[in-house]
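Worksheet for the structure shown next.
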Amino acid sequence: MRLYYHPLSSNSRRVVLVVHHLGLDVELIAVDLAGAEHKTADYLAMNPNGKVPTLVDGDFELWESYAIIQYLADKTPGQDIYPEDIAARADVNRWLFWSAYHFAPTAGLLIKERVSKRLSPRLGPPDPQEIARGEAQLPPIAAILDRHLAGKRWIAQDRLTLADFAIAATLMHTAAAQLPVAGFANIEAWFARVQSLAAWAKSTA
Ligand SMILES: N[C@@H](CCC(=O)N[C@@H](CS)C(=O)NCC(=O)O)C(=O)O
1 MRLYYHPLSS
11 NSRRVVLVVH
21 HLGLDVELIA
31 VDLAGAEHKT
41 ADYLAMNPNG
51 KVPTLVDGDF
61 ELWESYAIIQ
71 YLADKTPGQD
81 IYPEDIAARA
91 DVNRWLFWSA
101 YHFAPTAGLL
111 IKERVSKRLS
121 PRLGPPDPQE
131 IARGEAQLPP
141 IAAILDRHLA
151 GKRWIAQDRL
161 TLADFAIAAT
171 LMHTAAAQLP
181 VAGFANIEAW
191 FARVQSLAAW
201 AKSTA
């Protein structure tokens, strides 16, 4: 398998974390986002969104990081991070959708303004209104995760699952994007646990 990714992309990091945790043999191919390689005809033929990550498994091309991590787990015999039981799996899926729809896009407002625009000047200068929007909208969303994590080590099912990797990936930019999550003690303790995993170290650029 091949994974087209970028080392500073949190959507890519989600997949790279799972690749390392599962010990999969996946060739990592860095896409030059600053050079707009993801907007070339060749790349768009694989992924019409012009975004990373994209997984290629034989003649199957798969984009959308959450779909990719589910696919990788399902492909791995004996995997321990995506339950078979339908209610347990729905619990994990609930947090994956929450991440995809609420948490990551809201954190993404700040990541785009404070990280992506620094790395890709073609995106223009930071927009103070977007920064203000991210600063205002992220804390109430983070508070939901923080309350959920009270007394828990992991997000779903009392064990490490795709949900932990998926949501922690977004927080890779906590410092650089100045994500307003300081003070959410349960998130901080849980994120430290994820950061202590071998997969986190192996996936750090
Ligand atoms: N929903 C997509 C989002 C992918 C995405 O937005 N990737 C970013 C990097 S984190 C990207 O490729 N940005 C480049 C661009 O939009 O030009 C996923 O989860 O894979």
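The numbering used here puts the first residue of the sequence shown at 1, with every later residue one more than the last. Positions of the beta carbon are idealized from the N, C-alpha and C atoms, including for glycine. Note that the structure is a prediction, hence the values are computed from the model and not measured.
Mind checking whether residue i and residue j have CB atoms under 8 Å apart?
{"i": "L171", "j": "I81", "result": "no"}
{"i": "R89", "j": "R153", "result": "no"}
{"i": "Q157", "j": "P83", "result": "yes"}
{"i": "L55", "j": "L62", "result": "yes"}
{"i": "I187", "j": "A142", "result": "yes"}
{"i": "R114", "j": "P126", "result": "yes"}
{"i": "H20", "j": "S196", "result": "no"}
{"i": "V31", "j": "L72", "result": "no"}
{"i": "Y213", "j": "A166", "result": "Look at the range of the chain in this structure, 1 to 205, and you will see that residue 213 is not part of it."}
{"i": "I68", "j": "P48", "result": "no"}
{"i": "I144", "j": "W95", "result": "no"}
{"i": "P139", "j": "P180", "result": "yes"}
{"i": "A199", "j": "L8", "result": "no"}
{"i": "L28", "j": "V16", "result": "yes"}
Who are residue i's beta bridge partners in DSSP?
{"i": "V194", "result": "In the DSSP output, where bridge partners are listed per residue, V194 has none listed."}
{"i": "D57", "result": "F60"}
{"i": "I29", "result": "Y4"}
{"i": "R159", "result": "A156"}
Quick check on the burial criterion: 16 or more other C-beta atoms within 10 angstroms. Buried or exposed for residue i?
{"i": "Y101", "result": "exposed"}
{"i": "G183", "result": "exposed"}
{"i": "A132", "result": "exposed"}
{"i": "G58", "result": "exposed"}
{"i": "K39", "result": "exposed"}
{"i": "K51", "result": "buried"}
{"i": "A242", "result": "There is no way to answer for residue 242, as the model of the chain reaches only from 1 to 205."}
{"i": "F97", "result": "exposed"}
{"i": "L160", "result": "buried"}
{"i": "L3", "result": "buried"}
Confirm the yes/no value for this check: CB of residue i, any heavy atom of ligand 2, distance under 7 Å.
{"i": "K75", "result": "Among the ligands in the structure shown, ligand 2 does not appear; only ligand 1 can be found there."}
Taking 8 Å as the threshold, find out whether the segment 102-111 comes into contact with the segment 22-32 through three or more Cβ pairs.
no
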